[in-house]
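Residue numbers (the numbering used here): 1 to 129. C-beta: ideal position from N, C-alpha, C; glycine also.
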């Protein structure tokens with residue numbers, strides 16, 4: 001993955017033919033023209049979880065039109081620290097009851113969540129070009 005430092009607070013990541021740009025809110029000197037890196041982290045967690053819900057339903061030929069995944073970020077009382085990330089799968093009334101616990105187990109297979117709960121070692125270094 002290659003990262004380019006752009007104008008103002010924009011940062012662009014390029015890898016495998018994809019390009020993702022982040023920005024910061026105006027309060028941090030950005031233009032809010034793109035999600036912040038932390039927002040992309042939340043998006044990756046929610047979309048990964050949703051992917052497993054989708055595949056669970058498709059494998060059982062359960063319609064997904066009215067299945068939703070909702071994510072909430074719970075902040076500390078002073079609003080400065082993330083306390084929890086709550087995710088909820090909203091199932092329509094016709095969703096088979098026998099699969100309610102199983103769809104949650106499937107959603108918990110999300111690789112992003114697993115990496116948070118069992119983090120890989122991360123290193124950071126600097127070198128001259």
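Between residue 103 and residue 53, the gap from beta carbon to beta carbon is short of 8 angstroms. Taking 8 angstroms as the cut-off, the beta carbon of residue 47 is found no closer than this to the beta carbon of residue 37. For residue 88, the secondary structure class from DSSP, reduced to helix, strand or coil, is strand. Contact between residue 113 and residue 49 holds, since their C-beta atoms are separated by about 7 angstroms, short of 8 angstroms. Spanning the alpha carbons of residue 14 and residue 93 requires a straight line of approximately 42 angstroms. In the structure shown, residue 95 falls within a coil segment according to DSSP collapsed to helix, strand and coil.
The DSSP assignment places complete beta strand (DSSP E) segments of no fewer than 3 residues inside the region 7–83 at 11–15, 18–22, 68–75, in order along the chain.
Non-local beta-carbon contacts of residue 33 in its own chain, meaning distances under 6 angstroms to residues more than five positions away in sequence, involve 23 in chain order. Contact check for residue 40 against residue 67 fails: the beta carbons are separated by 8 angstroms or more. Rounded to whole angstroms, the separation of the alpha carbons of residue 80 and residue 25 is 15 angstroms.
Cβ neighbours of residue 5 within its own chain (closer than 8 angstroms, five residues either side excluded): 11. In the displayed model, residue 5 falls within a strand according to three-state DSSP.
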